[in-house]
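S.K.: Residue numbers (my numbering), protein chains in the order written: chain A, 2 to 382; chain B, 248 to 660.
Let me begin by handing over the structure; questions about it come next.
Spelled out as structure tokens, the structure:
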């Protein structure tokens, strides 16, 4: 009896002691905290002040312009389900840019996670990750998100799946496949009957091409490979021809917006279920001059403005109470986080863009006194 | 010195409005070059400085745990002084200017940074970034000129109390962080108002500043000494923290004095500034109102690159790591437009700034007309001026000024 009551008391005392010691040490290093200092020695520990980070373990080339980045995540990583994606903050030329990538492994025994990135022409982050990222570099991470995941089949029932992917749309699916077949192969074969239709420009541009073909050769799935260079774009007629039992299959699709739009229309007409994953949920129009400013916080206002007036002036003339300072771009007294949209620096025309899900979750901080709207913008204010 | 519009020879008289705008365009081009060039190297630099500063501070504080041993006291105190200087100058001041906001790193950002100083980040950003950098060297508008307690310009009327200003200046230097905190709060102005007339914003800011001062003082003068107490190092650690704060205060005060106070740096009359000052005109005022300190790379880092005060005032939001390379280009613009690029080594600038503080503590012309020979009579005159009523003092002042200008003329001849 005595041990059962003594243990919680001792634990509570230890807890109090730890909190007391922690606040004493915090008081010794104010205005910093002990966590701020520990970050300089162990950034991956639980409770890091910089937030969740990961260290690049390796960069493995997949095709000429795609690579898999294996990352050791911080101890606060909650894990993921294959098919989910992760938001990654990457310092490119010193600037932290956020992008979303599918996780391309199931949970691994070494605890590492991986993303596979295709270098898009002109893509700042993808080019950086494929060409210049090196082991040892740190990445900022958010927790895994997304519901593009397989539902486990009913016991004793073999689930029929149709997976339609194009280009780098294969990335969430490879995570699912690796997870299924790295554990208990015969069990996985018994649980799922998989058809994978994958479309890419040409044969040697198929990311994970060899791995997919190996899966097919081992009888784990039926692979239908389409190369748009020779076969043209994938159409719903092709799908119907190649997959006669399409209606019986639970469908998952991931790829460019055009393909997903077509598939959604097709499945919608037939009242069939389709799970999709879109990589670019919002497209920001960066050519616009002016737009509607939405203040989504306590200010709750929206203001129409043109491309020549600073956001600060436009908002103030519409009666929004704005933080402000020097009004010439030097004091940072007017900075507000932009959740989405694009603004142009009136001094040099430089564009700053915030895309939800791509840029930092709290938005991109911009100086309202020297920025004009280059499209519709939403601010936290 | 005298505001430029009241000078016999206005140093900008030879510039047409078109020249001033052209000069502005050239400086804008230099600014753009820096923006285009900044990148990974700069980000790595500031992260490195932050990393070194924090490790140095940690190691110094650890050393001070045994500061009862004199070598540990010396090493710990030197280390802590350097760490505090780096934190305030190269890191805090510059981060709060938004020089590193372009990295979009929420940990090194003007909106989130708090520094190791009695003044709060919010208070500092208002009084420094907004008021001082916008209204640089405009007498009556830029409170950095004398911090409201000193006579820094001939055109300010002389009162006997200014005789003590070298002493004020020295005390302000020793306790500079508290001076800044009081100055950010506009303490003098606000305390002179009746309690119920003081603005709400002042009460809020004053509360935040007191909280900050309490936390800062608790850290330096209670917690760290208590942690050192088990080795019998309570008092040595306390003394070390006090010394490090003193060193940091004296150093930052000296550097800041060098930025705008040396003889030859220009000041401006409020009513000479156009209602809508153009970018070129603003640039020109920054050029004439700032002075550089020449020296080694280490000296530049320890001053937080405020040794490149001119470049800093032209481009306050660009990374300090780029001022050194901008300097020759900026200097070429000065030369091209016939302006004086004010730069000298640290001892010279500190001496010059102090000379001005001392000179202006006396009535105009007094120091210039004083020599070893006439010292007794000059002292008598000073005593008379100090004790005279307003009207008599004004007459004596006029006599003194004409004597000074006569002496200047004979010297010139």
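Ideal Cβ placement from N, Cα and C applies to all residues, glycine included.
Nearest to residue 447(B) by alpha carbon, out of 432(B), 459(B), 458(B)?
M.R.: Measuring from the Cα of residue 447(B), the nearest candidate turns out to be 432(B).
S.K.: Which chain A residues sit within Cβ distance under 7 Å of residue 208(B)?
M.R.: A question about residue 208(B) goes unanswered here, because the residues of chain B that appear run from 248 up to 660.
S.K.: Could you have a look at residue 511(B) and say whether DSSP puts it in helix, strand or coil?
M.R.: Residue 511(B) falls in the coil class under three-state DSSP.
S.K.: Can you confirm whether the stretch 93-100 of chain A touches the stretch 357-372 of chain A when touching is taken to mean that 3 or more C-beta pairs between the two stretches lie within less than 8 Å?
M.R.: With a cut-off of 8 Å, the stretch 93-100 of chain A and the stretch 357-372 of chain A count as touching, because enough Cβ pairs lie within range.
S.K.: Compute the beta-carbon to beta-carbon distance between residue 354(A) and residue 343(A), rounded to the nearest angstrom, for a pair I have assumed lies under 8 Å.
M.R.: Right, their Cβ atoms sit about 5 Å apart.
S.K.: Could you have a look at residue 382(B) and say whether DSSP puts it in helix, strand or coil?
M.R.: Correct three-state label for residue 382(B): coil.
S.K.: Quick check on residue 676(B) - is its C-beta less than 7 Å from some C-beta in chain A?
M.R.: For chain B, the structure presents residues 248 to 660; residue 676(B) sits outside this window and is missing.
S.K.: Tell me residue 445(B)'s beta-bridge partners as DSSP assigns them.
M.R.: Paired residues: none, contrary to the question.
S.K.: Relative to chain A, which residues along the stretch 441-471 of chain B have a C-beta separation below 9 Å, given in chain order?
M.R.: Answer set for the stretch 441-471 of chain B: 459, 462, 463, 465, 466, 469, 470, 471.
S.K.: Say whether the stretch 548-567 of chain B touches the stretch 324-341 of chain B, bearing in mind that this needs 3 or more beta-carbon pairs closer than 8 Å, one atom from each stretch.
M.R.: Yes, they touch.
S.K.: Return the residue from the list 136(A), 138(A), 139(A), 211(A) that minimises the CA-CA distance to residue 171(A).
M.R.: Closest by alpha carbon: 211(A).
S.K.: Can you check whether the CB of residue 514(B) is closer than 7 Å to the CB of residue 363(B)?
M.R.: Result no, Cβ atoms of residue 363(B) and residue 514(B) do not sit closer than 7 Å.
S.K.: Is residue 311(B) helix, strand or coil when you go by DSSP?
M.R.: Note: residue 311(B) maps to helix in three-state DSSP.
S.K.: Considering only the beta carbon of each residue, do residue 365(B) and residue 428(B) sit closer than 7 Å?
M.R.: Yes, the pair counts as a contact, with Cβ atoms nearer than the cut-off.
S.K.: Report the neighbours of residue 282(B) on chain A: residues whose CB is nearer than 8 Å to its CB, in chain order.
M.R.: Result: 349, 351.
S.K.: At 9 Å on the CB atoms, spell out the chain B contacts of residue 331(A), in chain order.
M.R.: The answer, in chain order, is 344, 345, 376, 377, 380, 381, 562, 563, 564.
S.K.: For a quick check, are the C-beta atoms of residue 379(A) and residue 340(A) less than 7 Å apart?
M.R.: The answer is yes: Cβ separation under 7 Å.
S.K.: Taking the alpha-carbon positions, what's the residue 365(A) to residue 258(B) distance?
M.R.: Cα-Cα distance, rounded: 43 Å.
S.K.: Check whether the Cβ atoms of residue 143(A) and residue 88(A) lie closer than 7 Å to each other.
M.R.: In this structure, residue 88(A) lies closer than 7 Å to residue 143(A) by Cβ.
S.K.: Look at the alpha carbon of residue 381(A) and the alpha carbon of residue 609(B), and state the distance between them as a whole number of angstroms.
M.R.: Going by the C-alpha atoms only, they are around 54 Å apart.
S.K.: So the candidates are 271(B), 250(B), 254(B), 322(B); which of them puts its Cα closest to the Cα of residue 483(B)?
M.R.: If we check each option's Cα against that of residue 483(B), 322(B) comes out closest.
S.K.: Am I right that residue 346(B) and residue 554(B) are in contact with their C-beta atoms under 8 Å? What's the rounded C-beta distance?
M.R.: Not confirmed; about 15 Å, so no contact.
S.K.: Scan the stretch 23-34 of chain A for residues whose Cβ lies nearer than 9 Å to a Cβ of chain B and list them as they occur along the chain.
M.R.: Hits within the stretch, in order: 25, 26, 28, 29, 30, 31, 32, 33.
S.K.: Apart from the five residues just before and just after residue 519(B), which ones in its own chain have a Cβ nearer than 6 Å to its Cβ?
M.R.: Within the same chain, residue 519(B) has close Cβ partners 252.
S.K.: Who are the near neighbours of residue 294(B) in its chain, counting only those whose CB is closer than 8 Å to its CB and skipping five residues on each side?
M.R.: Hits under 8 Å: 355.
S.K.: Straight-line CA distance for residue 612(B) to residue 398(B)?
M.R.: When rounded, the distance between both Cα atoms is 14 Å.
S.K.: With C-beta atoms as the reference, is residue 65(A) less than 7 Å away from residue 208(A)?
M.R.: In this structure, residue 208(A) does not lie closer than 7 Å to residue 65(A) by Cβ.
S.K.: If distances are taken between C-alpha atoms only, which option among 169(A), 93(A), 174(A), 163(A) comes closest to residue 107(A)?
M.R.: Residue 107(A) has its Cα closest to that of 174(A), out of 169(A), 93(A), 174(A), 163(A).
S.K.: Please specify which runs of the alpha helix (DSSP H), each continuous and at least 4 residues long, are wholly inside the stretch 353-425 of chain B, giving them in chain order.
M.R.: Taking only runs of at least 4 residues, the alpha helix (DSSP H) segments lying wholly in the stretch 353-425 of chain B are 368-371, 412-421.
S.K.: Residue 365(A) versus chain B: which residues are under 9 Å apart at the beta carbon?
M.R.: Residues of chain B passing the Cβ test: 351.
S.K.: Taking one C-beta from the stretch 270-289 of chain B and one from the stretch 556-574 of chain B each time, how about it: are there three or more such pairs within less than 8 Å?
M.R.: Counting Cβ pairs under 8 Å, three or more are found: they touch.
S.K.: Taking Cβ positions only, does residue 532(B) come closer than 7 Å to chain A?
M.R.: No, residue 532(B) does not count as interfacial toward chain A.
S.K.: Is the beta carbon of residue 201(A) sitting closer than 7 Å to the one on residue 119(A)?
M.R.: In this structure, residue 119(A) does not lie closer than 7 Å to residue 201(A) by Cβ.
S.K.: Using the Cα positions of residue 141(A) and residue 169(A), report the straight-line distance between them to the nearest angstrom.
M.R.: Between residue 141(A) and residue 169(A), the C-alpha separation is close to 22 Å.
S.K.: With a threshold of 7 Å between beta-carbons, can residue 327(A) be considered close to chain D, or not?
M.R.: Judged by its chain identifiers, the structure shown contains no chain D, and its protein chains are A and B.
S.K.: Could you compute how far the alpha carbon of residue 255(A) sits from the alpha carbon of residue 333(A)?
M.R.: So the alpha carbons of these two residues sit roughly 42 Å apart.
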